[in-house]
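Worksheet: the structure to be examined is printed underneath.
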Amino acid sequence: MTRFGRRSLLIALVAVGALTVACALAQTDYEALRNAMVDSLVKRGIVKSPPVEKAMRQVPRHLFVPTGQRKAAYRDVPLPIGHGQTISAPSIVGIMTEALQPRPTDRVLEIGTGSGYQAAVLSKIVRHVYTIEIVEPLATEAAQRLKDLGYNNVTVRHGDGWLGWPEHQPFDKIIVTAAPDRIPQALIDQLKDGGRMVLPVVEEGWAQKLYLVEKTGDELTKTELADVIFVPMTGGPEAEDQADEG
Ligand code: SAH
Numbered sequence: 000m001t002r003f004g005r006r007s008l009l010i011a012l013v014a015v016g017a018l019t020v021a022c023a024l025a026q027t028d029y030e031a032l033r034n035a036m037v038d039s040l041v042k043r044g045i046v047k048s049p050p051v052e053k054a055m056r057q058v059p060r061h062l063f064v065p066t067g068q069r070k071a072a073y074r075d076v077p078l079p080i081g082h083g084q085t086i087s088a089p090s091i092v093g094i095m096t097e098a099l100q101p102r103p104t105d106r107v108l109e110i111g112t113g114s115g116y117q118a119a120v121l122s123k124i125v126r127h128v129y130t131i132e133i134v135e136p137l138a139t140e141a142a143q144r145l146k147d148l149g150y151n152n153v154t155v156r157h158g159d160g161w162l163g164w165p166e167h168q169p170f171d172k173i174i175v176t177a178a179p180d181r182i183p184q185a186l187i188d189q190l191k192d193g194g195r196m197v198l199p200v201v202e203e204g205w206a207q208k209l210y211l212v213e214k215t216g217d218e219l220t221k222t223e224l225a226d227v228i229f230v231p232m233t234g235g236p237e238a239e240d241q242a243d244e245g
């Protein structure tokens, strides 16, 4: 090898080494940021149960947001994910996941896949997550992302969640992450006796409330959890309302 060749090789090796160290540092940073975020959710009393805490420590939220948003991924804020949609703030994910009381044997339905983050968190705790997204490119991207990251117990479907997913009912738990103006009847019907559903509902104007709905036989118990802001649920309720008006 010529002197010139050896020098180039040395420079290349140093560059690769520096890049490896930089990548390793970046990796450590995200993990540290994620643990700090979960520590804060635990301290605030939002995350309470060991399985939810463990799942949120494991799922790399920064890989569920657009590349340009990664540095903000562990702040307690919602972030844009394209197509006018957002990934919910970590505290909302914490509140909703805890309220569901997820169990290892549960089959869960999610309406509003978005980035796939909420589905990923649940998939670490339950048997299977079925999730429906109405914006086709988001459904395709989320399905690919979940597959690439190895979440094998999540099934994503493009479609309108207003009607639920009759082929896989009844569900032990249902989580809705877009706000309808009333509780979709199909979701009540597809929830098991003894099941729990967590969903935001548009109340008046822009005001929304997050509810826990528990089903016991024909009885529904509604518990108010928080004031929230979700993107409105499109599809079914809109189509029905337009049909009513027309
Ligand atoms: N759970 C998501 C965030 C959801 S944002 C996450 O973890 O990233 C709400 C999502 O609900 C949006 O992606 C929106 O397109 C979707 N959505 C709205 N109406 C819907 C409907 N009728 N059926 C299915 N998805 C719907």
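Final position of the sequence shown in numbering that gives the first Met the number 0 is 245; the numbers increase by one with none missing. For glycine and all other residues, C-beta sits at the position ideal for the given N, C-alpha and C. Here the structure is a predicted model, which means the values were calculated and not measured.
Counterpart residues of residue i in DSSP-defined beta bridges
i, result
"Glu97", "Answer by DSSP bridge pairing: none, since Glu97 is not bridged."
"Leu209", "Pro199, Ala225"
"Arg156", "Ile131"
"Gln84", "Gly81"
"Lys172", "Val107, Arg195"
"Glu52", "Bridge partners of Glu52: none, in fact."
"Ala220", "The sequence given here has Thr at residue 220, not Ala. Paired residue(s): Glu213."
"Ala178", "Pro231"
"Leu190", "Phe170"
Contact under 7 angstroms by Cβ, residue i with residue j
i, j, result
"Pro183", "Phe229", "no"
"Gly113", "Ile91", "no"
"Leu148", "Ile173", "no"
"Gln57", "Lys146", "no"
"Glu97", "Val51", "yes"
"Pro77", "Thr66", "no"
"His61", "Ala54", "no"
"Tyr116", "Phe63", "yes"
"Ile94", "Ile110", "no"
"Asp159", "Gly234", "yes"
"Gly163", "Ala141", "no"
"Arg74", "Asp105", "no"
"Arg195", "Leu99", "yes"
"Leu224", "Leu211", "yes"
Rounded distance between the beta-carbons of residue j and residue i, thought under 8 angstroms
i, j, result
"Gln207", "Val175", "Their Cβ separation, rounded to whole angstroms, is 11 angstroms, which puts Gln207 and Val175 out of contact at 8 angstroms."
"Ala177", "His157", "In fact, because the Cβ distance is near 14 angstroms, the residues do not count as touching under 8 angstroms."
"Asn152", "Val128", "7 angstroms"
"His82", "Pro136", "7 angstroms"
Check: residue i C-beta below 6 angstroms from any heavy atom of the ligand HEM
i, result
"Ala177", "Ligands in the displayed structure: the ligand SAH; the ligand HEM is not one of them."
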